[in-house]
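K.L.:
Can you keep this structure in mind? I'll have questions shortly.
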Amino acid sequence: MQQDFGQQCLIAFSQVVPASCFAFYRVDEQLRARDFQLLRMDARTHRDYLAHYRDFDPLQPALCLDEQRPVVPLGDAMARQAGGARLVYQGFLARHGIHDVVEVIAHDRQRPVAGVSLLRTNSLAPFSAEELQRLHGLRGLLDLAVRRLPDAPAELDALAGLTPKEREIALLLREGLSNKDLARQLDLGLATVKTHMIHLFRKSGARSRTELVRRLFP
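For the record, in the sequence shown the residue sitting at position 57 is 57 according to full-length UniProt numbering, with numbers rising by one throughout.
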């Protein structure tokens, strides 16, 4: 159901406000985006974001909550960002040809629970004031829709028996990170990551990364 819901959201947004690519995600209790679903986004761009740039993103859910509004343009978010982090994130955007982004955050009882990212590459003009108004209208419908979503599975139940570091690795594995990406993201040696992976395979009984993710997140 969640997969269908996310894809329908992406299709609806794409038909109202054009963009080069889109992402739908759930927001967990730590105000972190998870369970991404993508539309027309290069998988390499998404992996690069998760492995290196997520923490520099001025549009991540916790910072959008600070904005106290549900539709946040990239320019406004960057204006509040520290200079060093802003330069790092601008480098990521330039590397992947992205020049404008808008984040739409859906709330349930004033807590952010889901979001849609709209990204434009250099082939499209920046988002206009009229398009931002359309997104405000869609956001109201999204707020109503997410209240019908089932609660996300409790991660502590799904990851019972794992150490804190193994849980952290498991959550990143779900986003498709390679061992090298995991090492960079967690500031670990590649050999240490491989050791944690061996433990995860042993504890879960899985024989492949795909099966491992499926067993940890049923």
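Ideal Cβ placement from N, Cα and C applies to all residues, glycine included.
As the structure is a computational prediction, the values presented were derived from the model and not from experiment.
1. Just checking my contact of residue 124 with residue 101 at CB under 8 Å: how many whole Å lie between their CB atoms?
2. Across which residues does DSSP place residue 34 in a beta bridge pair?
3. According to DSSP, which residues form a beta bridge with residue 107?
4. Tell me which residues share the same chain as residue 78 and place their Cβ nearer than 6 Å to its Cβ, disregarding the 5 neighbours each side in the sequence.
5. Expressed to the nearest angstrom, what Euclidean distance is found between the alpha-carbon atoms of residue 148 and residue 53?
6. For residue 120, which of helix, strand or coil comes out of DSSP?
7. Should residue 181 be labelled buried (16 or more other beta-carbon atoms within 10 Å of its own) or exposed?
8. May I have the straight-line CA-CA distance separating residue 67 from residue 96, to the nearest angstrom?
9. With DSSP run on the structure shown, which of helix, strand or coil describes residue 96?
10. Between which two residues does the alpha helix (DSSP H) carrying residue 213 extend?
11. Measure how close the beta-carbons of residue 106 and residue 76 come, nearest whole angstrom, since I'm counting them as under 8 Å.
P.N.:
Reading from the atomic positions:
1. 12 Å between Cβ atoms; not a contact.
2. Within the DSSP bridge table, the entry for residue 34 names 26 as partners.
3. Looking at the DSSP output, residue 107 sits in a beta bridge with 112.
4. These residues qualify, in order along the chain: 58 and 86.
5. The straight-line gap from Cα to Cα measures roughly 32 Å.
6. In this structure, DSSP gives residue 120 an extended state, which the three-state scheme calls strand.
7. Burial call: buried.
8. Using only the alpha carbons, I get a separation of about 26 Å.
9. Residue state, collapsed to three classes: coil.
10. Run containing residue 213: 209 to 216, per the alpha helix (DSSP H) assignment.
11. Incorrect: roughly 19 Å between the Cβ atoms, too far for contact.
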